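Visitor:
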Amino acid sequence: TAANRIYAEPAAKNRYILRGGKLLALPLSPPALLKTQLFSARAKLGLVREIFVGRSAPDEEETVAQFVRRRLGAEFLDYAINPFVAGVYAGDPEKLSVRAAFPKLFDIEQRYGSLIRGQIRGAKERRRRGEVSKQAAPMLSFRDGMQTLTDAIAARLADLRLGTRATGLVRFEGSVWEISASGPGGPAAIRANALVVATPALAAAQLVKRLSPGAAAALEAIPYPPVASVACAYARADVAHALDGFGFLVPKKERRRILGTIFSSTLFPNRAPDGTVLLTTFVGGMRQPELARADEAGIAALVEEELASLLGVRAAPRQRWVNRWERAIPQYTLGHLARIAAIEAAERAFPGLFFCANYRGGISVADCIGSSRAAADRVVQHLRARALNQ
């Protein structure tokens, strides 16, 4: 896989935000912030007061919107954080818990008393340690797409059973687990000394409902909105916009029917042949879930209409692909930390049972890799302790 890595083009560093029907570059430096038309002079001046805003109580749980409104003001919430949350979580900042969804922001406030002060000191600390910030780190993918990574992982697994559904589990004395499964070869029973439940929350809840009703209830309470993606291949000459960036995000206040668009072939040029551009647009989420549930033709039509208006697309796409996920991304809403605590309580009550999925520890690929490694370490520790006690 290392040989198949590709890195994002420098031209993809620009991020655009829609405001007043225009795509404006998100400022990525203090000088750019001073010059941008994305935020009003009043909003920019209001940033000065952020240094003097007090911390929230350590045990208080605020929504992302409450946190940002309190520290940065309504305009930064509306035209920076709202579209960002829609782009990352397909979520609603009025519902997400800042401590659960963006723990680093909460930690910066608690540690430094100010986001601005924390960013300045954090940058100094990274320079002293010789580290690169997450924002400055290169973005990578693979020549044939992200499935390259999952294919490589699958190739290293000792016993992989595809098309097989886990239908139930039983715990025996000595922390031995039996998983009931149904697959191409008929029903099967698989025994193991450790069990990692790495399914989405609802499927995990169904598996552990008899064993741990408390954990099952917590898992069932995690919302997942529907999301649709539409990838459109256009002739480059048919798109007026320069496409000189990562893509654009749409604030809720703009009242459009899409969440945002990635300029896929700008980000990674091999995603489209010469003379063609690939644009990937997202619809639905917590903002407009009903749009993601429309028929595929309707979803494609609304995306094409929005791109014509926002990017100056003058013709139909040469090709398009529509994908839909009824339960797409877990939402770390208020109460999420209590739900995770209930899941952790089940792990303590039933040694050898582990939960690992993107509803826990972050939703990004990097977060999932980190939480998966942590889960693997816990499994190894459990098996070693089990072997010593036998």
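Per this note's numbering, residue 4 is the first one in the sequence shown, and the count goes up by one each step. Heads up, the beta-carbon is just placed ideally off N, CA and C, and yes, glycines get one too. Here the structure is a predicted model, which is why all the values come from computation and not from measurement.
Using 7 Å as the threshold, is the C-beta distance between residue 226 and residue 295 below it?
Guide: Residue 226 sits at position 223 when you count from the first residue of the sequence shown. Residue 295 sits at position 292 when you count from the first residue of the sequence shown. No; because the gap between Cβ atoms is not below 7 Å, this pair is not in contact.
Visitor: Under the DSSP definition of a beta bridge, which residues are partnered with residue 167?
Guide: Numbered from 1 along the sequence shown, position 164 holds the residue referred to as residue 167. Per DSSP, none; premise fails for residue 167.
Visitor: How is the beta strand (DSSP E) around residue 252 delimited, first residue to last?
Guide: To locate residue 252, count along the sequence shown from 1; it is residue 249. Start and end: 250 to 252.
Visitor: Could you tell me whether the Cβ atoms of residue 355 and residue 232 are closer together than 7 Å?
Guide: Residue mapping note: residue 355 aligns to position 352 of the sequence shown, counting from 1. Residue mapping note: residue 232 aligns to position 229 of the sequence shown, counting from 1. It is not a contact, given that the beta carbons lie outside the stated cut-off.
Visitor: Which of the three DSSP states is assigned to residue 329 in this structure?
Guide: The sequence position of residue 329 within the sequence shown is 326, counting from 1. Note: residue 329 maps to coil in three-state DSSP.
Visitor: Hey, would you say residue 180 sits closer than 7 Å to residue 195, going by beta carbons?
Guide: Along the sequence shown, read from residue 1 onward, the residue named residue 180 stands at position 177. Along the sequence shown, read from residue 1 onward, the residue named residue 195 stands at position 192. Closer than 7 Å, so yes.
Visitor: Mind checking whether residue 208 and residue 200 have CB atoms under 7 Å apart?
Guide: Locating residue 208 in the sequence shown gives position 205, counting from the first residue. Locating residue 200 in the sequence shown gives position 197, counting from the first residue. No, the pair does not count as a contact, with Cβ atoms beyond the cut-off.
Visitor: Counting only the same chain and skipping the five closest in sequence on each side, list residues whose C-beta sits under 6 Å from that of residue 287.
Guide: As a working mapping, residue 287 is identified with position 284 in the sequence shown. Cβ within range, chain order: 229, 230, 231, 294, 295.
Visitor: Please list, in chain order, all residues of the same chain as residue 362 whose beta carbon is under 6 Å from its beta carbon, the five residues on each side excluded.
Guide: Residue 362 sits at position 359 when you count from the first residue of the sequence shown. Excluding residues within five positions, the ones whose Cβ falls inside 6 Å are 204, 225, 333.
Visitor: Taking just the CA atoms, how far does residue 130 sit from residue 96?
Guide: Along the sequence shown, one-based indexing puts residue 96 at 93. Along the sequence shown, one-based indexing puts residue 130 at 127. Distance between the alpha carbons of residue 96 and residue 130 is about 32 Å.
Visitor: Tell me which residue opens and which closes the alpha helix (DSSP H) that residue 91 is part of.
Guide: Taking the first residue of the sequence shown as 1, we reach residue 91 at position 88. Taken as a continuous stretch (DSSP letters only), the alpha helix (DSSP H) holding residue 91 covers 85 to 92.
Visitor: Counting Cβ pairs, one atom from each stretch, are 3 or more of them under 8 Å apart for the stretch 316 to 330 and the stretch 232 to 241?
Guide: These segments touch.
Visitor: So, are the CB atoms of residue 214 and residue 260 less than 7 Å apart?
Guide: Here the question's residue 214 lines up with position 211 in the sequence shown. Here the question's residue 260 lines up with position 257 in the sequence shown. No, they are not a contact pair.
Visitor: On the premise that residue 271 lies in contact with residue 144, defined as a C-beta separation below 8 Å, what is that separation, rounded to the nearest angstrom?
Guide: Taking the first residue of the sequence shown as 1, we reach residue 144 at position 141. Taking the first residue of the sequence shown as 1, we reach residue 271 at position 268. Yes, they are in contact, since the Cβ atoms of residue 144 and residue 271 sit about 6 Å apart, within 8 Å.
Visitor: Whole angstroms is fine: what's the gap from residue 54's alpha carbon to residue 141's?
Guide: Within the sequence shown, numbered from 1, the residue matching residue 54 stands at position 51. Within the sequence shown, numbered from 1, the residue matching residue 141 stands at position 138. Rounded to whole angstroms, residue 54 to residue 141 spans 30 Å at the Cα level.
Visitor: Could you tell me the boundaries of the alpha helix (DSSP H) in which residue 344 lies?
Guide: Numbered from its first residue, the sequence shown carries residue 344 at position 341. Residues 339 to 352.
Visitor: So which of 82, 58, 86, 85 has the shortest CA-CA distance to residue 73?
Guide: Position 70 of the sequence shown holds residue 73. If we check each option's Cα against that of residue 73, 58 comes out closest.
Visitor: Using a Cβ-Cβ cutoff of less than 7 Å, which residues in the same chain neighbour residue 68 once the five nearest sequence positions on both sides are dropped?
Guide: One-based indexing of the sequence shown puts residue 68 at position 65. Hits under 7 Å: 80, 96, 97.
Visitor: One question on the structure: do residue 17 and residue 248 come within less than 7 Å of each other, judged by their Cβ atoms?
Guide: Here residue 17 is taken as the residue at index 14 of the sequence shown, counted from 1. Here residue 248 is taken as the residue at index 245 of the sequence shown, counted from 1. Against a cut-off of 7 Å, the Cβ pair of residue 248 and residue 17 comes out as a contact.
Visitor: Please report the straight-line C-alpha distance between residue 25 and residue 313, rounded to a whole angstrom.
Guide: What you label residue 25 is simply residue 22 of the sequence shown in a count that begins at 1. What you label residue 313 is simply residue 310 of the sequence shown in a count that begins at 1. Near 7 Å, if we compare the C-alpha coordinates of residue 313 and residue 25.
Visitor: Determine the burial state of residue 346: buried for a count of at least 16 other Cβ atoms within 10 Å of its Cβ, exposed for fewer.
Guide: The count along the sequence shown starts at 1 and reaches residue 346 at position 343. It is buried - the Cβ of residue 346 has at least 16 other Cβ atoms within 10 Å.
Visitor: In terms of residues, what are the limits of the alpha helix (DSSP H) holding residue 128?
Guide: Position 125 of the sequence shown, counted from the first residue, corresponds to residue 128. Element bounds for residue 128: 118 to 132.
Visitor: Report the start-end ranges of each alpha helix (DSSP H) in the stretch 205 to 282 that is 4 residues or longer and not cut off at the edges.
Guide: 216 to 223, 267 to 270, all fully within the stretch 205 to 282.
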